[in-house]
Amino acid sequence: MSGRVNGRGPMADSLRTESGSGFVRAPADHPNRAAPFVSRTVFAAAHVVADPFADSTPDGPAAIDWDATLAFRHHLWSNGLGVAEAMDTAQRGMGLDWASAAELIRRSAAEAAAVGGRIACGVGTDQLAGSSASLADIKAAYEEQLSLVEGAGAQAILMASRHLAAAATGPESYAEMYGHLLRQAADPVILHWLGPAFDPAMEGYWGSSDLDTATDTFLQIIAEQPAKVDGVKVSLLDADREIQLRRRLPDSVRCYTGDDFHYPELIAGDELGYSDALLGIFDPLASLAADAVRLLDNGDTAAFRKRLDPTVTLSRHLFQTPTRYYKTGVVLLAWLAGHQSHFTMVGGLQSARSLPHLKRAYELADDLGLFPGPELAKFRMHQLESVLGGRGA
């Protein structure tokens with residue numbers, strides 16, 4: 004349905020903030036949210052927790068702390084959110100190699116089955132060596148990953164492929180590739196349109212840099228086999244274009260917003276429909292986002308917007324250009340919130356954002372009451388500032 008209407012220690016000195024107050028906001032009070040949502044289907048794209056003691060290199064296999072990684076998935080499920088696994092937020096193609104992604108999919112799908120959590124997993128072509136490949140090799144790579152995801156018992160998300168973007172000769176290449184994959188899929192899949200803001204290699208996806216032409220191709224692929232498409236995830240950071248696309252989808256096909264700049268208004272919707280959600284920002288916002296969607300479940304759109312709108316400033320900060328490095332802020336907030344014991348990322352990506360950027364992310368998250376233990380978050384941010392900035396030692 005397209006959304007149509009019908010490590011603790013002594014507390015550090017107070018941090019310098021823009022106001023100079025060093026004030027730490029009390030954590031927000033969240034009710035029990037175990038029940039599933041009724042008004043929207045909502046996924047959080049989840050990050051992975053690195054093993055900080057592994058002897059790894061930025062271009063080597065990912066070293067993952069499996070216990071902490073899976074515990075975070077349980078946190079998302081306990082809030083009623085579905086987990087979008089092995090996606091961009093998990094550093095797919097930016098530190099998470101295919102062998103590690105495959106293990107992540109198997110482990111997370113098993114955990115989901117054990118607790119009745121919803122899970123959908125990314126299907127791509129990142130097992131292919133190098134940046135170029137033949138269309139036949141790309142098809143085989145997609146098929147291999149699709150088989151693994153379905154075999155694990157998870158829903159498939161057909162991710163945009165850098166290899167396909169490089170090898171395609173026009174819209175017909177995409178129509179043939181995706182048409183074949185939809186015929187192969189055992190169950191309805193989610194199609195992901197990832198814009199170049201998230202990955203510059205995706206420029207011209209669907210066979211054209213003209214977004215109107217690309218949209219027509221995308222919709223034609225869906226129209227050929229609508230029963231095989233549960234929904235589309237749109238990550239273009241263009242609210243008007245998403246709404247236009249949403250209104251042209253078949254009634255049976257959901258539009259999952261991937262717009263981390265405009266998600267409150269897109270999820271709230273209008274008189275003609277709404278978007279469901281599959282968002283990276285819902286990784287750090289899980290509890291707050293769950294509260295907001297439950298307000299929507301109760302029919303209170305105004306309260307939903309009042310709860311979720313203030314989070315957009317944080318999201319826009321995390322996803323600022325270059326957008327693909329938003330994962331660094333996501334993992335920082337997971338550490339500050341106590342979901343993991345360190346601020347280390349696979350591929351060494353913890354160094355991808357500046358200290359001022361990270362500090363501002365902390366301040367914005369604290370203003371929202373995101374931290375269950377605000378004093379722990381304050382202490383850890385002070386530790387980071389001391390190590391990276393040489394102050395406060």
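Take 4 as the starting number for the sequence shown in the working numbering and just add one per residue. Ideal Cβ positions, reconstructed from N, Cα and C, are used throughout, including at glycine. On a predicted model such as this, the values are computed, not experimentally measured, just so you know.
> With a Cβ-Cβ cutoff of 8 Å, do Gly-198 and Ser-238 count as a contact?
Replying inline: Here residue 198 corresponds to residue number 195 of the sequence shown, with the count starting at 1. Here residue 238 corresponds to residue number 235 of the sequence shown, with the count starting at 1. For Gly-198 and Ser-238, yes; Cβs fall inside 8 Å.
> Sorted by chain position, which residues of the same chain lie with C-beta nearer than 7 Å to Ile-108's C-beta, five sequence neighbours on each side aside?
Replying inline: What you label residue 108 is simply residue 105 of the sequence shown in a count that begins at 1. Cβ within range, chain order: Glu-88, Ala-89, Cys-124, Leu-151, Val-152, Ala-155, Ala-157.
> Exposed or buried, what is Thr-216 when buried is set at 16 or more other beta-carbons lying within 10 Å of its beta-carbon?
Replying inline: By 1-based counting over the sequence shown, the position of residue 216 is 213. Flag for Thr-216 reads exposed.
>> On a Cα-Cα basis, can you pick out the residue from Ala-47, Glu-147, Val-333 that is closest to Gly-83?
In response: Here the question's residue 83 lines up with position 80 in the sequence shown. Nearest option by C-alpha distance: Ala-47.
> Helix, strand or coil for Tyr-277 per DSSP?
Replying inline: What you label residue 277 is simply residue 274 of the sequence shown in a count that begins at 1. Note: Tyr-277 maps to coil in three-state DSSP.
> DSSP beta-bridge partners for His-265?
Replying inline: Along the sequence shown, one-based indexing puts residue 265 at 262. Beta-bridge pairing links His-265 to no other residue.
> In terms of alpha-carbon separation, which member of Val-86, Glu-146, Leu-335, Asp-262 lies closest to Leu-187?
Replying inline: To locate residue 187, count along the sequence shown from 1; it is residue 184. The amino acid occupying residue 187 in the given sequence is Gln; Leu does not appear at that position. Taking Gln-187 as reference, the option from Val-86, Glu-146, Leu-335, Asp-262 with the minimal CA-CA separation is Glu-146.
> Going by C-alpha distance, which of Asp-58, Thr-260, Ala-337 is nearest Leu-79?
Replying inline: Mapped onto the sequence shown, residue 79 falls at position 76. The residue with the shortest Cα to Cα distance from Leu-79 is Ala-337.
> According to DSSP, is Glu-88 helix, strand or coil?
Replying inline: By 1-based counting over the sequence shown, the position of residue 88 is 85. The answer is strand: DSSP assigns Glu-88 an E or B state.
> How should Gln-247 be labelled, buried or exposed, when 16 other C-beta atoms within 10 angstroms of its C-beta is the threshold for buried?
Replying inline: Counting from 1 along the sequence shown, the entry for residue 247 is found at position 244. Classification of Gln-247: exposed, given that the 10 Å Cβ count is below 16.
> Of all Cβ atoms in chain B, is any one closer than 8 Å to the Cβ of Pro-313?
Replying inline: Absent from the structure is chain B; it holds one protein chain and no more.
> Pick from Val-315, Asp-91, His-77, Leu-185: whose alpha carbon is nearest that of Glu-114?
Replying inline: Residue numbering aside, residue 114 sits at position 111 when the sequence shown is read from its first letter. Of Val-315, Asp-91, His-77, Leu-185, the residue nearest in Cα terms is His-77.
> Hey, how far is the Cα of Gly-276 from the Cα of Glu-268?
Replying inline: As a first step, residue 276 is located in the sequence shown; it is residue number 273 there, counting from the start. As a first step, residue 268 is located in the sequence shown; it is residue number 265 there, counting from the start. In a straight line, the C-alpha of Gly-276 is about 11 Å away from that of Glu-268.
> Rounded to the nearest angstrom, how far is the Cβ of Leu-99 from that of Val-334, given a contact under 8 Å?
Replying inline: Within the sequence shown, numbered from 1, the residue matching residue 99 stands at position 96. Within the sequence shown, numbered from 1, the residue matching residue 334 stands at position 331. About 12 Å separates the two Cβ atoms, so there is no contact after all.
> The alpha helix (DSSP H) with Arg-250 in it runs from where to where?
Replying inline: Reading the sequence shown from its first residue, position 247 is the one you call residue 250. First-last of the alpha helix (DSSP H) with Arg-250: 242-251.
> If you compare alpha carbons, which of Ala-171, Ala-105, Glu-227, Ile-225 is closest to Gly-127?
Replying inline: Stepping through the sequence shown from its first residue, residue 127 is reached at position 124. Out of Ala-171, Ala-105, Glu-227, Ile-225, Ala-105 has the C-alpha closest to the C-alpha of Gly-127.
> For Val-192, which beta-bridge partners are listed by DSSP?
Replying inline: In the sequence shown, residue 192 corresponds to position 189, counting from 1. Val-192 is bridged to Val-232.
>> Suppose the cutoff is 7 Å on Cβ atoms and the five residues either side in sequence are ignored; what does the same chain contact list for Arg-356 look like?
In response: Translated into positions along the sequence shown, residue 356 becomes position 353. Answer for Arg-356: Tyr-328, Thr-331, Gly-332, listed in chain order.
> Quick one: is Ser-344 buried, meaning 16 or more other Cβ sit within 10 Å of its Cβ, or exposed?
Replying inline: Along the sequence shown, read from residue 1 onward, the residue named residue 344 stands at position 341. By the 10 Å Cβ count, Ser-344 comes out exposed.
> What is the DSSP secondary structure of Leu-288, reduced to helix, strand or coil?
Replying inline: As a working mapping, residue 288 is identified with position 285 in the sequence shown. It is coil, neither helix nor strand.
> Since Arg-257 is in the beta strand (DSSP E), which residue starts that stretch and which ends it?
Replying inline: Your numbering for residue 257 matches position 254 in the sequence shown. Start and end: 257-260.
> Do Val-192 and Leu-161 have their C-beta atoms closer together than 8 Å?
Replying inline: If you number the sequence shown from 1, residue 192 lands on position 189. If you number the sequence shown from 1, residue 161 lands on position 158. Taking 8 Å as the Cβ cut-off, Val-192 and Leu-161 qualify as a contacting pair.
> Quick one: what's Arg-95 bridged to in DSSP?
Replying inline: Your numbering for residue 95 matches position 92 in the sequence shown. Answer is Leu-99, bridged to Arg-95.
> In three-state terms, what does DSSP make of Ser-318?
Replying inline: Locating residue 318 in the sequence shown gives position 315, where the first residue counts as 1. Here Ser-318 sits in helix by DSSP.
> Is Val-126 helix, strand or coil by DSSP?
Replying inline: As a working mapping, residue 126 is identified with position 123 in the sequence shown. In the structure shown, Val-126 sits in a strand (DSSP, three-state: E or B).
> Is the CB-CB distance between Val-118 and Gly-85 below 8 Å?
Replying inline: Counted from its first residue, the sequence shown places residue 118 at position 115. Counted from its first residue, the sequence shown places residue 85 at position 82. Their beta carbons are not under 8 Å apart, which means Val-118 does not touch Gly-85 by this criterion.
>> Between the alpha carbons of His-50 and Val-235, how many angstroms are there, rounded?
In response: For the purposes of this step, residue 50 is taken as residue 47 along the sequence shown, with counting starting at 1. For the purposes of this step, residue 235 is taken as residue 232 along the sequence shown, with counting starting at 1. So the two alpha carbons sit approximately 21 Å from each other.
> For Leu-336, which three-state DSSP category applies?
Replying inline: For the purposes of this step, residue 336 is taken as the residue at position 333 of the sequence shown. Helix at Leu-336.
> Mapping DSSP to helix, strand and coil, what is Phe-75?
Replying inline: Position 72 of the sequence shown, counted from the start, is the residue given in the question as residue 75. In this structure, Phe-75 counts as helix in the three-state DSSP scheme.
> Under a Cβ-count criterion, where at least 16 other Cβ atoms within 10 Å of its own Cβ denotes burial, should Asp-70 be classed as buried or exposed?
Replying inline: Taking the first residue of the sequence shown as position 1, residue 70 is located at position 67. Result: exposed.
>> Excluding the 5 residues flanking Ser-318 on each side, which residues of the same chain have their C-beta closer than 6 Å to its C-beta?
In response: As a first step, residue 318 must be located in the sequence shown, where it is residue number 315. Around Ser-318: Asp-263, Ile-284.
> Is Leu-197 helix, strand or coil when you go by DSSP?
Replying inline: In the sequence shown, residue 197 corresponds to position 194, counting from 1. Reduced to three states, the DSSP call for Leu-197 is strand.
> For Gly-351, which residues of its own chain have a beta-carbon under 6 Å away from its beta-carbon, when the five flanking residues on both sides are left out?
Replying inline: By 1-based counting over the sequence shown, the position of residue 351 is 348. Cβ within range, chain order: Pro-61.
> Could you give the distance in angstroms between the alpha-carbon of Ala-102 and the alpha-carbon of Asn-301?
Replying inline: Position 99 of the sequence shown, counted from the start, is the residue given in the question as residue 102. Position 298 of the sequence shown, counted from the start, is the residue given in the question as residue 301. Those two C-alpha atoms are separated by around 43 Å.
>> Just verifying my parser: in three-state terms, what is the DSSP assignment at Ala-53?
In response: Sequence index remark: in the sequence shown, residue 53 carries index 50 (1-based). Under the three-state reduction of DSSP, Ala-53 is assigned to strand.
>> Tell me the DSSP secondary structure of Ser-357 in three-state form.
In response: Counting from 1 along the sequence shown, the entry for residue 357 is found at position 354. Three-state result, Ser-357: coil.
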